[in-house]
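Visitor: Provided herewith is a single structure, encoded as structure tokens, for subsequent inquiry.
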Amino acid sequence: MKSKIWFNQSIRVKVFTLSFVIAIIPILVVNTLWSMSAHDQLEQASIDTQLASLDNNGRRIDRYLDTRVKRFIASAQEFDIANLQTEQAARDVLQYAKQDTEIKRIALVDSEGNEQIVVEGDKLQQQLKNIATNGAFQAIARRGESSFMSSVQFDGNEPKLVIAVPITPDENSDTIKADRAALSQASQQASSPGVFMVDLSLATLWDSILGTPLGSTGYSYIVDAQGTLIGHPDKDYFEPHKNMSHVDQVARFLSNQQAGATPETTVSEHGTMVMSSHQPVYRTGWAIIAEEPEESIYAPVQHVYRVIMWIFISASLMVIFLGLYFSSTLTRPLKALVTGTSELGQGKLDTRIPILSNDEIGLLAERFNGMADNLKRLVSNLKSETTKLNVVLDSVGEGILAVDRENRIVVANVSATKLAGAGQSSLAGKRFDEVFHLTKNNQPFSISLGGTEVYKDVVYMSPNKRLHYLDIFVYKIEDDPDGITNIITLRDLTDERDLEIMKHDFVSMAAHELRTPITAIRGYLDLMAVDKASDLSDNTKHSIERARSSTEELVGLINNLLNVSKIEGGTLDMAFGKVNWVALVKSALDNHRFGAAEKDITLEYDGPEHKVFIIADEIAIKEVANNLIANAIHYTNEDGHITVSVRTEKDQVITSVKDTGIGIPPNAIKRLFTKFFRVKGGMASGSGGTGLGLFISKSIVELHKGRIWVESEEGKGTTFTFTLPAFDEVQYEAIANKQAEGVKKRRGWVTKNTAR
Amino acid sequence: MAGLPKILLVEDTPQIVDIYTQVLASGGYPVKSVGTVDDMLKVVAEYEPDIIFMDIMLPGGKTGLDALVLLRNNPEYKAAKTRIVLLTNLGQNEEIQKMWEKYADGYVVKAEIDPHELFDIIQSFDFPGPENK
Numbered sequence: 003m004k005s006k007i008w009f010n011q012s013i014r015v016k017v018f019t020l021s022f023v024i025a026i027i028p029i030l031v032v033n034t035l036w037s038m039s040a041h042d043q044l045e046q047a048s049i050d051t052q053l054a055s056l057d058n059n060g061r062r063i064d065r066y067l068d069t070r071v072k073r074f075i076a077s078a079q080e081f082d083i084a085n086l087q088t089e090q091a092a093r094d095v096l097q098y099a100k101q102d103t104e105i106k107r108i109a110l111v112d113s114e115g116n117e118q119i120v121v122e123g124d125k126l127q128q129q130l131k132n133i134a135t136n137g138a139f140q141a142i143a144r145r146g147e148s149s150f151m152s153s154v155q156f157d158g159n160e161p162k163l164v165i166a167v168p169i170t171p172d173e174n175s176d177t178i179k180a181d182r183a184a185l186s187q188a189s190q191q192a193s194s195p196g197v198f199m200v201d202l203s204l205a206t207l208w209d210s211i212l213g214t215p216l217g218s219t220g221y222s223y224i225v226d227a228q229g230t231l232i233g234h235p236d237k238d239y240f241e242p243h244k245n246m247s248h249v250d251q252v253a254r255f256l257s258n259q260q261a262g263a264t265p266e267t268t269v270s271e272h273g274t275m276v277m278s279s280h281q282p283v284y285r286t287g288w289a290i291i292a293e294e295p296e297e298s299i300y301a302p303v304q305h306v307y308r309v310i311m312w313i314f315i316s317a318s319l320m321v322i323f324l325g326l327y328f329s330s331t332l333t334r335p336l337k338a339l340v341t342g343t344s345e346l347g348q349g350k351l352d353t354r355i356p357i358l359s360n361d362e363i364g365l366l367a368e369r370f371n372g373m374a375d376n377l378k379r380l381v382s383n384l385k386s387e388t389t390k391l392n393v394v395l396d397s398v399g400e401g402i403l404a405v406d407r408e409n410r411i412v413v414a415n416v417s418a419t420k421l422a423g424a425g426q427s428s429l430a431g432k433r434f435d436e437v438f439h440l441t442k443n444n445q446p447f448s449i450s451l452g453g454t455e456v457y458k459d460v461v462y463m464s465p466n467k468r469l470h471y472l473d474i475f476v477y478k479i480e481d482d483p484d485g486i487t488n489i490i491t492l493r494d495l496t497d498e499r500d501l502e503i504m505k506h507d508f509v510s511m512a513a514h515e516l517r518t519p520i521t522a523i524r525g526y527l528d529l530m531a532v533d534k535a536s537d538l539s540d541n542t543k544h545s546i547e548r549a550r551s552s553t554e555e556l557v558g559l560i561n562n563l564l565n566v567s568k569i570e571g572g573t574l575d576m577a578f579g580k581v582n583w584v585a586l587v588k589s590a591l592d593n594h595r596f597g598a599a600e601k602d603i604t605l606e607y608d609g610p611e612h613k614v615f616i617i618a619d620e621i622a623i624k625e626v627a628n629n630l631i632a633n634a635i636h637y638t639n640e641d642g643h644i645t646v647s648v649r650t651e652k653d654q655v656i657t658s659v660k661d662t663g664i665g666i667p668p669n670a671i672k673r674l675f676t677k678f679f680r681v682k683g684g685m686a687s688g689s690g691g692t693g694l695g696l697f698i699s700k701s702i703v704e705l706h707k708g709r710i711w712v713e714s715e716e717g718k719g720t721t722f723t724f725t726l727p728a729f730d731e732v733q734y735e736a737i738a739n740k741q742a743e744g745v746k747k748r749r750g751w752v753t754k755n756t757a758r
Numbered sequence: 069m070a071g072l073p074k075i076l077l078v079e080d081t082p083q084i085v086d087i088y089t090q091v092l093a094s095g096g097y098p099v100k101s102v103g104t105v106d107d108m109l110k111v112v113a114e115y116e117p118d119i120i121f122m123d124i125m126l127p128g129g130k131t132g133l134d135a136l137v138l139l140r141n142n143p144e145y146k147a148a149k150t151r152i153v154l155l156t157n158l159g160q161n162e163e164i165q166k167m168w169e170k171y172a173d174g175y176v177v178k179a180e181i182d183p184h185e186l187f188d189i190i191q192s193f194d195f196p197g198p199e200n201k
């Protein structure tokens with residue numbers, strides 16, 4: 003997780019952080035190591051100083067007091083206890099006191115406790131007391147101690163103590179002997195010595211000890227065996243016998259008064275942190291407490307520390323500044339690169355990256371710009387190619403669409419877009435079946451994209467409610483990487499269809515209009531021909547017959563035109579019934595014997611003599627036979643030969659008309675069965691040369707579910723063949739039952755004679 | 069049925085009326101002709117024809133098909149069992165096909181027949197042929 007956070011940082015942050023770490027960490031480490039060692043050295047120096055000072059001061063006190071006591075013992079021997087009442091003795095004591103400024107008072111006391119001589123303030127005191135109950139006196143005179151030293155007392159703030167030593171009587175002195183005798187009688191202690199008591203000022207000693215500084219601000223002070231303050235350099239703080247047992251170092255002393263202590267950090271009497279230790283003064287039971295404030299001990303290192311901190315801060319600032327500068331210098335080209343690539347990615351192909359450095363990044367930027375140039379060129383080439391393609395696509399009348407696997411339109415040309423209706427500015431992305439609602443035979447219809455396919459007569463209603471008749475070509479594309487799976491071509495046949503309908507309507511109307519006068523002409527000719535009462539000449543009668551025949555031909559032509567209309571409109575209906583095909587073919591041949599004979603052409607039937615039944619519209623299928631035979635006669639030269647053959651094969655009847663005529667050129671065969679087509683060089687077909695005969699014949703054969711085809715060799719002859727389904731009795735019965743009884747059908751009329 | 073059937077011709081083209089009347093009369097058939105459906109309706113109940121030859125395209129608003137429905141559905145015309153043959157020069161469209169199969173007894177494309185074939189048509193209903201043929 004942490005490493006993730008680190009790797010997610012920008013290069014700028016990384017560079018900055020690294021440079022900061024590299025620059026600052028060594029400074030920190032060196033400083034810390036240095037200051038630790040300096041700290042240790044200073045501490046050790048302070049400890050050494052303190053121990054030396056304590057030791058020294060302890061010895062001084064001991065030595066001083068020792069010296070004093072010894073001197074007083076010696077001095078005491080100089081006074082004769084027996085002669086103290088003498089003036090000489092008083093003068094000597096006064097003199098002794100004056101010689102020593104530290105002596106504040108001297109008292110010479112006899113063995114009874116009576117003060118004999120007292121010098122105080124360099125003066126002899128006249129008021130003398132008995133001090134037999136005094137501690138010092140008791141210690142020397144009664145307990146026989148060799149010296150006594152009192153606790154420290156204070157005269158104002160001046161420290162002093164009482165030292166008492168015995169005044170030993172001279173064994174040789176008579177006085178003493180006498181006194182001793184007297185005393186021994188009076189009391190047990192008659193032989194006790196006198197006492198030499200001195201009040202000794204400690205001011206000088208204190209000054210020398212307390213005045214010695216310890217380090218720069220350290221000092222010493224003195225407590226007695228009870229832990230009360232007896233000397234302190236700070237006059238303001240000092241208070242005689244102030245209880246100091248609450249101070250750490252004093253408490254340590256009180257817990258073990260025999261030993262000194264190594265210096266350690268404690269809380270001072272002022273509540274500050276100090277390096278302190280103590281040294282007992284064995285003679286008196288006091289202790290010298292040495293203290294040195296830690297602040298002052300480490301003052302030198304603190305100073306250096308501050309300097310180092312300043313250096314550290316300035317170094318940090320410098321590193322930050324330089325780090326920021328370098329990191330931004332380093333990352334600016336990278337940033338430009340990032341911005342440039344993302345802009346290019348968004349399609350701004352004119353984006354170029356400023357080259358900000360000559361290093362690898364600069365090189366990268368340069369290459370990138372080169373790539374962008376190429377890309378722009380490629381894209382513009384591609385665009386121009388696409389434009390060309392679009393121009394071609396849009397110029398095509400057919401609607402062309404490319405769709406993907408999901409049936410969505412990827413590309414659509416202008417024609418397709420127009421077909422989809424106004425407002426559908428872009429078809430891209432829409433589903434084909436949602437844009438084009440198709441129907442076929444009045445049923446909803448959808449094209450399949452599974453393969454290549456052609457759909458005819460599809461109806462599409464555009465958004466403006468106009469019906470379009472389309473032929474749809476679906477072309478399947480294999481493995482297109484862009485996801486285009488099919489190309490759909492929409493051929494709009496609406497206009498052609500409208501034109502067809504107009505043509506059909508026109509032909510139909512024209513034919514009908516023609517029929518009425520022809521009917522009249524035909525009727526009158528018929529009247530004339532059958533009028534038995536008329537006295538027309540044979541010649542006129544012949545003319546009337548010719549006119550009748552021509553009129554009939556005209557009716558046939560008009561019928562053909564109407565039939566073509568019906569075929570194209572899909573309304574040419576067949577009235578199927580049972581037909582004896584052999585009889586029908588023979589009858590058709592007979593109808594043409596006269597015409598054939600005129601050209602010396604032999605007509606031959608080649609087929610079964612028994613009945614062969616087909617299901618057919620008798621009139622229509624007879625027309626096919628007539629057509630083909632008439633055609634054969636027309637295209638066969640004199641002395642030619644025409645054979646009409648009929649044979650049954652499985653479930654079909656195959657009929658062919660073979661002639662030895664002029665044949666049909668190969669290039670004409672393909673179009674032979676299309677309407678209005680005529681083979682060059684002759685009047686076409688038995689339908690009088692309209693070029694409709696074969697077209698109608700083909701349609702009729704196909705309406706009978708048969709096929710018609712032609713084989714021909716130019717100069718040798720032509721064979722037309724067509725097939726019709728053969729029917730057995732069972733199949734025929736199925737159809738015959740559907741036919742009404744009493745129906746009579748002839749060319750031109752039909753009746754059904756059923757009771758109403 | 070004794071004698072020749074009475075024939076009513078409903079036709080507006082004068083030449084056709086002329087020709088068919090001449091032909092039918094030459095066969096001895098009693099013939100009456102009218103030019104519109106309305107005229108036909110006026111005379112049909114009284115005349116009681118055996119066969120009506122009826123053109124489809126007629127002036128005056130009603131077509132032969134309209135007349136067909138009227139004659140078959142209204143007993144007052146006394147024409148429920150009359151043989152009715154439609155005359156036309158139109159192509160046989162779906163509507164005409166349906167109408168004639170349901171209501172008529174015959175269908176004639178005028179241009180495709182010789183007038184004398186009317187006799188064949190009459191005889192297909194088992195009526196007698198022309199008298200002095």
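Note that the protein sequences, when read in sequence, are chains A and B.
The numbering of the first sequence is this note's numbering, which starts it at 3 and goes up by one.
The numbering of the second sequence is this note's numbering, which starts it at 69 and goes up by one.
Even glycine gets a Cβ: it sits at the ideal position worked out from N, Cα and C.
1) For chain A, check one thing: does any of its Cβ atoms lie closer than 8 Å to the Cβ of residue 79(B)?
2) Quick one, which residues of the stretch 588–619 of chain A are near chain B if we go by CB-CB under 9 Å, in chain order?
3) According to the Cβ coordinates, are residue 335(A) and residue 358(A) closer than 8 Å?
4) Going by CA-CA distance only, name the one from 168(B), 107(B) and 145(B) that's closest to residue 128(B).
5) So, with DSSP's three-state summary, where would you put residue 754(A)?
6) What are the boundary residues of the beta strand (DSSP E) that residue 118(A) is part of?
7) Using a C-beta cutoff of 8 Å, does residue 529(A) count as contacting chain B?
8) If you compare alpha carbons, which of 723(A), 580(A), 50(A) and 523(A) is closest to residue 760(A)?
9) On a CA-only basis, which of 693(A), 570(A) and 654(A) is nearest residue 673(A)? Give me that one, please.
10) Does the beta carbon of residue 750(A) sit closer than 8 Å to a beta carbon anywhere in chain B?
11) Under a three-way DSSP split, which group does residue 88(A) fall into?
12) Have a look at residue 695(A) and residue 642(A) and give me their C-alpha separation to the nearest angstrom.
13) Measuring only from the beta carbon, is residue 138(A) closer than 7 Å to any heavy atom that is part of the ligand MG?
14) Output, in sequence order along the chain, the residues in the stretch 134–152 of chain B whose CB is closer than 9 Å to any CB in chain A.
15) Which ranges does the beta strand (DSSP E) cover as unbroken runs of at least 3 residues, wholly within the stretch 285–340 of chain A, from first to last along the chain?
16) Does residue 87(B) come within less than 8 Å of chain A when only Cβ atoms are used?
17) To the nearest angstrom, report how far apart residue 304(A) and residue 315(A) are at their CA atoms.
18) Quick check on residue 193(B) - is its C-beta less than 8 Å from some C-beta in chain A?
19) Are there 16 or more other CB atoms within 10 angstroms of the CB of residue 122(B), so buried, or fewer, so exposed?
20) Tell me where the alpha helix (DSSP H) around residue 364(A) begins and ends.
21) Check the Cβ of residue 520(A) against every Cβ in chain B and list those closer than 7 Å, keeping chain order.
22) Tell me whether residue 127(B) sits in a helix, a strand or coil according to DSSP, three-state version.
23) Could you work out which residues of chain A lie near residue 175(B), taking near to mean beta carbons separated by less than 8 Å?
24) Where does residue 32(A) land, buried or exposed, given buried means 16+ other C-beta within 10 angstroms?
25) Look up residue 451(A) in the DSSP assignment and say whether it is helix, strand or coil.
26) Looking at the secondary structure, which residues open and close the alpha helix (DSSP H) in which residue 166(A) lies?
27) Can you give the Cα-Cα distance for residue 571(A) and residue 348(A), rounded to whole angstroms?
28) Does residue 163(B) come within less than 8 Å of chain A when only Cβ atoms are used?
29) Would you identify the three-state DSSP class for residue 542(A), choosing helix, strand or coil?
30) Using Cβ-Cβ distances below 8 Å, what residues of the stretch 104–129 of chain B are close to chain A?
31) Please report the distance separating the alpha-carbon of residue 361(A) from that of residue 332(A).
32) May I have the straight-line CA-CA distance separating residue 521(A) from residue 502(A), to the nearest angstrom?
33) For residue 522(A), does the three-state DSSP call read helix, strand or coil?
34) Answer yes or no: do residue 581(A) and residue 620(A) have a C-beta to C-beta separation smaller than 8 Å?
35) Smallest Cα separation from residue 23(A): which of 169(A), 62(A) and 318(A)?
36) Bridge partners of residue 445(A), per DSSP?
Guide: The answer reads as follows:
1) no
2) none
3) yes
4) 107(B)
5) strand
6) 117–122
7) yes
8) The structure shown does not extend to residue 760(A), since chain A spans only 3 to 758, so no value can be given for it.
9) 693(A)
10) yes
11) coil
12) 22 Å
13) The ligand MG is not part of the structure shown, which contains no ligands of any sort.
14) 140, 148, 149, 150 and 151
15) 288–295
16) yes
17) 16 Å
18) yes
19) buried
20) 362–397
21) 179
22) coil
23) 751, 752 and 753
24) exposed
25) coil
26) Unbroken run through residue 166(A) is the beta strand (DSSP E), 160–169; no alpha helix (DSSP H).
27) 58 Å
28) no
29) helix
30) none
31) 10 Å
32) 28 Å
33) helix
34) yes
35) 318(A)
36) 442(A)
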